[in-house]
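Engineer: Chains as they are written, first to last, in our numbering: chain S, 34 to 397; chain H, 34 to 397; chain E, 149 to 531; chain C, 149 to 531.
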Amino acid sequence: MDLHLTSEQTLLRDSAAKFIAAAGPKVARGFRGQAPGFAPARLRESGELGWLGMLVPDSANGLGLGLTELALVLEQAGRGLVCEPIGLAAISAVALAQGRTPHPMLERAMTGAALVVPALQEGAFGDDPLAPRTQVAGESGALRVTGTKTFVCADGADGFLVSASARDGPELCYVARNAPGCTLSATQTVDGRKLSTLSLKDAPADLVPSRQSSRNAVDALHNLALFALSAELLGVMEKAQEITFDYLRIRKQFGKLIGSFQALQHKAVDIYIKTEALRSLVFQIAANNDPYRIDPALAAAAKAKASEDALTVTQACIQLHGGIGFTDEHDIGLYLKRAMLLSSLFGNAAAQRRRYVAIAGLTA
Amino acid sequence: MDLHLTSEQTLLRDSAAKFIAAAGPKVARGFRGQAPGFAPARLRESGELGWLGMLVPDSANGLGLGLTELALVLEQAGRGLVCEPIGLAAISAVALAQGRTPHPMLERAMTGAALVVPALQEGAFGDDPLAPRTQVAGESGALRVTGTKTFVCADGADGFLVSASARDGPELCYVARNAPGCTLSATQTVDGRKLSTLSLKDAPADLVPSRQSSRNAVDALHNLALFALSAELLGVMEKAQEITFDYLRIRKQFGKLIGSFQALQHKAVDIYIKTEALRSLVFQIAANNDPYRIDPALAAAAKAKASEDALTVTQACIQLHGGIGFTDEHDIGLYLKRAMLLSSLFGNAAAQRRRYVAIAGLTA
Amino acid sequence: MFRHDAPAEAEFRMEVRAWLEANLPPALRGRTTRPPPAELMPWYHTLSRKGWIAPHWPRQYGGMGATLNEQIIMTEELARVGAPHLPVQGLNHIGPILMEFATEAQKAQHLPPIIEGSVIWCQGYSEPGAGSDLASLSTRATLEGDCFVVKGHKIWTTWAHYSDWMFALVRTDPQAQPRQAGISFLLIDMHSPGITVRPIKTIAGDDEFSEVFFDDVIVPAGNLVGKLHDGWRIANALLGHERLGTSNPQFALMALDRIKTMARASGVIVDPAFQDRLAAASINVTALAALFSHAVELTNSEQSPGPESSIIKIFGSELLQALNELLIEAAGGHAAADRPIATDFGEVDVATPFLQARRVTIYGGSSEIQRNVVARRVLNLPN
Amino acid sequence: MFRHDAPAEAEFRMEVRAWLEANLPPALRGRTTRPPPAELMPWYHTLSRKGWIAPHWPRQYGGMGATLNEQIIMTEELARVGAPHLPVQGLNHIGPILMEFATEAQKAQHLPPIIEGSVIWCQGYSEPGAGSDLASLSTRATLEGDCFVVKGHKIWTTWAHYSDWMFALVRTDPQAQPRQAGISFLLIDMHSPGITVRPIKTIAGDDEFSEVFFDDVIVPAGNLVGKLHDGWRIANALLGHERLGTSNPQFALMALDRIKTMARASGVIVDPAFQDRLAAASINVTALAALFSHAVELTNSEQSPGPESSIIKIFGSELLQALNELLIEAAGGHAAADRPIATDFGEVDVATPFLQARRVTIYGGSSEIQRNVVARRVLNLPN
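Right, dumping it as structure tokens:
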């Protein structure tokens, strides 16, 4: 179903669609195994378009927009298999903007001159985002962070927003890439991007505060990350199925267009329904939540559903393509691989459901 | 796929098929709300055919047959929506036959003159069959049982095989229906049969021993019950889908036989596959296990799969019938209702999987 | 679920909640089957007197003219208090159709009694040979002078045996090709001579449906809605409305509550494996609510969801079945009990709603038909 | 899994187990992709020298002539030790076809090298325009004198780039109706002039498949198997065998082991919600093993499972995908890593087997085609 957008939102979506027209499967292939695995110039371009500072309040020189606008852009990023970490950069920017005085990195993060990304995960499964094992200690202005963060999208990053436990609970800390005691080790992923383990040993850090009115900064950033990934997964699903429906309309077997076979039609409808349901969910959440205080249960719900359905849908797309879908040459496999990566980040579907049980009060 | 049967087994199956030809949906309807909800004469007839003593060793005047034969008969009972509790009676008989001298009830249980049924459940979910809350105490020859058994198929029963905890673990006890301290309260089920709560207060009981060579009698009877229910559920699934496939071959919509629509064909194939898989599983277990020492993990596996798939298959059968399948007049709904009852007995699919995790050593 | 009420909305919600608590008889709460008219209609009249019977109808026709948010609040509060399902054929189906297609005289005759609850309507579409293939219907209406003579047989007619009026699709041109072009939309007084109604008992034991036999029933020509042979278009124009109505997340929310109560009673609520399925179900209910809000939003802004309402129908109906399967699982040994189960947390009906839920993927266009519609009209897949 | 070995069988199992432990190189164990011939064939030769390369072949052709139970024991023990998947086109496909349909000269020429592992075979069936619709294949073989001249294009040919011989379906009568009646079964020397092989890289990164181009390739007429235009029957006679082979529960058992290892490493093994899914998966693997035993039993007693082998193919292939989805879940944050993950319990490959499993519902007749076959030939549903 169409979204009911304002004319400004429509303009924004069209501008994002134009941006991704220069991305797509071919470009994503080109970045496989490159360092960094994206074009820094394109990240700066997205900064110039205002996207990285989209959620940052006017008062901190951002656009002061909401989740609907973020979702519109990230949906397009997902569609285009965009390699530049626009979503992670944009949500980090809003975190950097929360203090009474914004963090010094904010301006460069908003223009794309620097890349700051969240580093919130520690285990492969079952993290409690509000109880990191990583510790932060020391006086204000002389903080030190020690611990290990995993699955960090550190490729090309200049700094990290690290969750760490202090005496009174979790805090969000900024750690520079080149800080002493900060080391990275990277692993290649199936979609050609990298995930890193970030080891911190007495690394100097700045506290990234939360607004008084908002929830804890770690929770706020975590929920925003879940939402952003859900919107991007939505875009991945959309484009994968469009490619597939197009194929069903032209491929012939048994003398007929395969899209005329009822069994394939119904499978196509099944994936379409999943995508529509996720789109409604994402945009309802967007319309009713402030970016830095998203209801944690809804954030978990969106990421659970997006992670599960994106894998299901992109797998079904390969099945509907038949043999050709299984070749590396064909683009459709790239959507499955991107879905594998995004689904796994910040907790997969099962992990989100486990959190949801606790935070949605299901068993109360 | 066909079973590879001996000529004796084929004869047995044919004889069971003949027996159920006089049962079926119409007869099952007739027993709704009757007391008892079956024909005692038919139970005696099945006794005369040797079925109730089928698993009882020759030495105790039984037929000394195995699980394959039991499954062949119960598969037919499921197909025919037979209301006589043949399976429960037959597995109780083998339990009564285990001691050095068979229990006095054995002979009447084998002929169908009396009905003895297991009473092993206590909770709606999550029972550990080897740790009943019901207690048995006292000297040999003067045992007393106290506790509450639930979901007992007590309709028309003369006695119960009750699991109860003694000092050294669970024991199987025989309690007569008319024993002092033994009271029943019955609930009607959707398929017209009854389930009862059996309250025991210092009720006199006999110990029903296990052979030295076998596992504990409670465990043995429990596993046998799971197997018997699985075989009966298999029959329910088989007949429900046969009725459905027949309907697909004659009902027209849009000027075509609805069985020619690919989406319905594929749905039909899906339920057929589930049924075939269950049949192979049931008969592989049958071919490789002794009746009174079935591998508990395999028994749980069969009941888990049968309980889940029988509900799925019979629900799909109603869907494939369309509106007519939703009327009480049409027979297909009776198969769903029988599946609801049998699936729930002795632990539904989820409960069986939970047990399976523990006993199959999955997490070791 | 997503929204935070604006202050005026919050006030409205509290007003609705308090009024419902005070006025809905306890015996009508949490019912799994729709109570018969003798029990249900007094509640309909109470709502009507309060002016809340038709939140979505414009004020000129006696509706509330409520905003979208107010409608949603109303739905949520009705679900919260466990209100019974009202007869909707009048309020949601023929009412809106009459507003769009009927003459002023027809509107004046039929709309007020719907608001007042003095008549009950039923929908005469399906026939024994025309279920999924509705266009093949064969109930004949022959114009003789200033009357139609109706002969034929309708089936799966909700509440026909309680109804005063039927809006029906009838064949007025047996030769027409395509067959849709020979169908008209007729209002039939159910008290007319020649009508026989036979209730159908369902597998869930209720009598929601009937068969209706027409034996030369005389219907005044003035009861035709729209033009002769134009009935197909009229019926389909508001099919989206019907699908939206049946996909109202109210039913899913009530099912979720029933699952939680049963799970507490059976103890399975503490099993993390069950919790995982409950979470998945609850998340899907949230998604259904989102789809529904989205569709209502589009409908209210005059962008009809059109064939995309089929998506909500498929998603909502299959979710309702999945929820009822989870209910059966939560009930454990109680799954097959044919009465509500008495528990420490109140009575819970298990088998009845489970069996009832079988209908939702069959009626109002089966899931298979809906998928065909989406494949062709939304995805433009080839024929 | 169900059986308890008879004493002689238990002895045989112990012999197999000890021998495999002693002789299978560690580097070949637990591999998710099939190693290239240079690595794999020495192991093939070792098995061959031991006499165990073809348990199901009769002794007269150099097989083991093993009983059904011995074959099952062999399969289970190969799975247990994590043995790599052998090239099966010779052993399981063309071997049995030759035994049934070939001349003595053809058997003498081709069967011994298969047993010895001195040649590798590939199967030339699919074409770019003839995947699911195999009967529409268009690779032409024209008889000119005592040779066929072959021109055309095969695709999805497993290991073509490593193969010495191909057994191919070729069109020998372009006019035949039905089209199946114009197809012949031909053995083609892959070293013939005019053959070009282009490996296809898959989404899993392996090179199991190739495209093969035939540019007027000369094939001696003596390489025809069976009669001219009778190839369709020959290929189909043993399709059941192929489907059985690809549904061997060995793959599912190995997948289950991989899940358990990964789940221990990620810690999710203690989560009851995960355990519940693992139990369901494990129960389905047990059911697959039962289906497989059942089918092998029927095959061995000369009651070919026929089109019902499609059932096993559907069940087995879809289960393998479900298992790999559970693997991805168990891997949590590691799901997208493109290398094996080093854990305290050994290395586990996650993304590669997950991606590889995409093929099993496509190749050898897609799940959709198999369902059509079952609907028509087993369930006799109308056309």
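Built from N, CA and C at the ideal position, the CB exists for glycine as well.
Determine which residues share a DSSP beta bridge with W269 of chain C and list them.
Structural biologist: C:W313, per the DSSP bridge assignment.
Engineer: With DSSP collapsed to three states, give me the class of C350 of chain S.
Structural biologist: helix
Engineer: Do you know whose CA, among E:A231, E:L471, E:V418, E:G464, lies nearest A391 of chain S's CA?
Structural biologist: Across the set E:A231, E:L471, E:V418, E:G464, the C-alpha of E:V418 shows the shortest separation from the C-alpha of A391 of chain S.
Engineer: Quick check: G86 of chain H and M143 of chain H, are their CB atoms within less than 9 Å of each other?
Structural biologist: yes
Engineer: Are three or more beta carbon pairs between the segment 227 to 239 of chain E and the segment 255 to 271 of chain E nearer than 8 Å?
Structural biologist: They touch, by the three-pair rule.
Engineer: Pull up the CB-CB distance for L103 of chain S and A330 of chain S, whole angstroms please, since I reckon it's below 8 Å.
Structural biologist: Rounded, the Cβ-Cβ distance is 19 Å, inconsistent with contact.
Engineer: Do A499 of chain E and D486 of chain E have their C-beta atoms within less than 9 Å of each other?
Structural biologist: yes
Engineer: Starting from T396 of chain H, find everything on chain C with Cβ-Cβ shorter than 7 Å and list it in chain order.
Structural biologist: Ordered by position in chain C, the residues that pass the 7 Å Cβ test against T396 of chain H are I417, Q423.
Engineer: Listed in chain order, which residues of the segment 455 to 472 of chain C have Cβ atoms closer than 7 Å to some Cβ of chain H?
Structural biologist: E456, I459, I462, F463
Engineer: Let's see if you can read the secondary structure: which residues bound the beta strand (DSSP E) around Y207 of chain S?
Structural biologist: 202 to 209
Engineer: Use the C-beta contact count for L44 of chain S: other C-beta atoms within 10 angstroms, 16 or more gives buried, fewer gives exposed.
Structural biologist: exposed
Engineer: With 8 Å as the C-beta to C-beta threshold (strictly closer), list the residues of the segment 375 to 395 of chain S near chain C in chain order.
Structural biologist: Look at the segment 375 to 395 of chain S: the residues with a C-beta under 8 Å from a C-beta of chain C are S376, S377, L378, G380, N381, A382, A383, A384, R386, R387.
Engineer: Here's the rule I'm using: 16 or more other beta-carbon atoms within 10 Å means buried, otherwise exposed. How should K349 of chain C be labelled?
Structural biologist: exposed
Engineer: Relative to the alpha-carbon of A175 of chain S, which residue among S:E78, S:D239, S:E81 has its alpha-carbon at the smallest distance?
Structural biologist: S:D239
Engineer: Is the number of C-beta pairs between the segment 303 to 320 of chain E and the segment 336 to 356 of chain E that are closer than 8 Å three or more?
Structural biologist: A contact is defined here as three or more CB-CB pairs under 8 Å, and the segment 303 to 320 of chain E meets this definition with respect to the segment 336 to 356 of chain E.
Engineer: State yes or no: is the C-beta of V169 of chain H within less than 9 Å of the C-beta of K182 of chain H?
Structural biologist: no
Engineer: Which residues in chain E sit within 9 Å of P530 of chain C, going by Cβ to Cβ distance?
Structural biologist: Going along chain E, no residue has its Cβ under 9 Å from P530 of chain C, so there is no contact; the nearest lies around 16 Å.
Engineer: Express the C-alpha separation of W269 of chain E and E359 of chain E in angstroms, rounding to a whole number.
Structural biologist: Straight-line spacing of the CA atoms in E359 of chain E and W269 of chain E works out to 15 Å.
Engineer: Name the residue from C:A437, C:L439, C:T509 whose alpha carbon lies nearest to the alpha carbon of I351 of chain S.
Structural biologist: C:T509
Engineer: By alpha-carbon positions, which one of H:G356, H:T167, H:I304 ends up nearest to K302 of chain E?
Structural biologist: H:G356
Engineer: Output the distance between the C-alpha atoms of A147 of chain S and R141 of chain S, rounded to the nearest integer angstrom.
Structural biologist: Distance between the alpha carbons of A147 of chain S and R141 of chain S is about 5 Å.
Engineer: Kindly say whether A126 of chain H, judged by its beta-carbon, lies nearer than 9 Å to any beta-carbon of chain S.
Structural biologist: no
Engineer: Run the CB neighbour count on P341 of chain E, radius 10 Å, all protein chains shown included, and call it buried at 16 or more, exposed below.
Structural biologist: exposed
Engineer: Contact between the segment 190 to 201 of chain C and the segment 360 to 372 of chain C is defined here as three or more beta-carbon pairs at a separation below 8 Å; is this criterion met?
Structural biologist: no
Engineer: So does M222 of chain C have its beta carbon nearer than 8 Å to some heavy atom of the ligand MG?
Structural biologist: By its list of ligands, the structure shown contains no ligand whatsoever, and the ligand MG lies outside what it can speak to.
Engineer: Would you verify that the beta carbon of E309 of chain S is, or is not, closer than 9 Å to some beta carbon of chain E?
Structural biologist: Output row for E309 of chain S: interface = yes.
Engineer: Taking I351 of chain C as the reference, give the member of S:R371, S:S125, S:A68, S:H299 with the closest Cα.
Structural biologist: S:R371
Engineer: For the segment 95 to 110 of chain H against the segment 40 to 55 of chain H, do three or more pairs of beta-carbon atoms, one drawn from each stretch, fall closer than 8 Å, so that the two count as touching?
Structural biologist: yes
Engineer: Does any C-beta atom of chain B lie closer than 9 Å to the C-beta of H442 of chain E?
Structural biologist: This model lacks chain B altogether; the protein chains it does include are S, H, E and C.
Engineer: Identify whether K375 of chain E lies in helix, strand or coil by the three-state DSSP scheme.
Structural biologist: coil
Engineer: Using 9 Å as the limit for Cβ to Cβ distance, is G356 of chain H near chain E?
Structural biologist: yes
Engineer: Is there a Cβ from chain S that is less than 9 Å from the Cβ of T350 of chain C?
Structural biologist: yes
Engineer: Is S40 of chain S buried or exposed, if buried means 16 or more other CB atoms sit within 10 Å of its CB?
Structural biologist: exposed
Engineer: Near C206 of chain H, what residues of its chain come up, given a Cβ to Cβ distance below 7 Å and the 5 sequence neighbours on each side ignored?
Structural biologist: Once the five neighbours on either side are set aside, the close Cβ partners of C206 of chain H are V169, L176, V178, V195, A197, A238, D239, L240, V241.
Engineer: Name the DSSP bridge partner or partners of K289 of chain S?
Structural biologist: Beta-bridge pairing links K289 of chain S to S:Q286.
Engineer: Taking only the alpha-carbon atoms, compute the straight-line gap between R112 of chain S and Q274 of chain S and give it to the nearest angstrom.
Structural biologist: 10 Å
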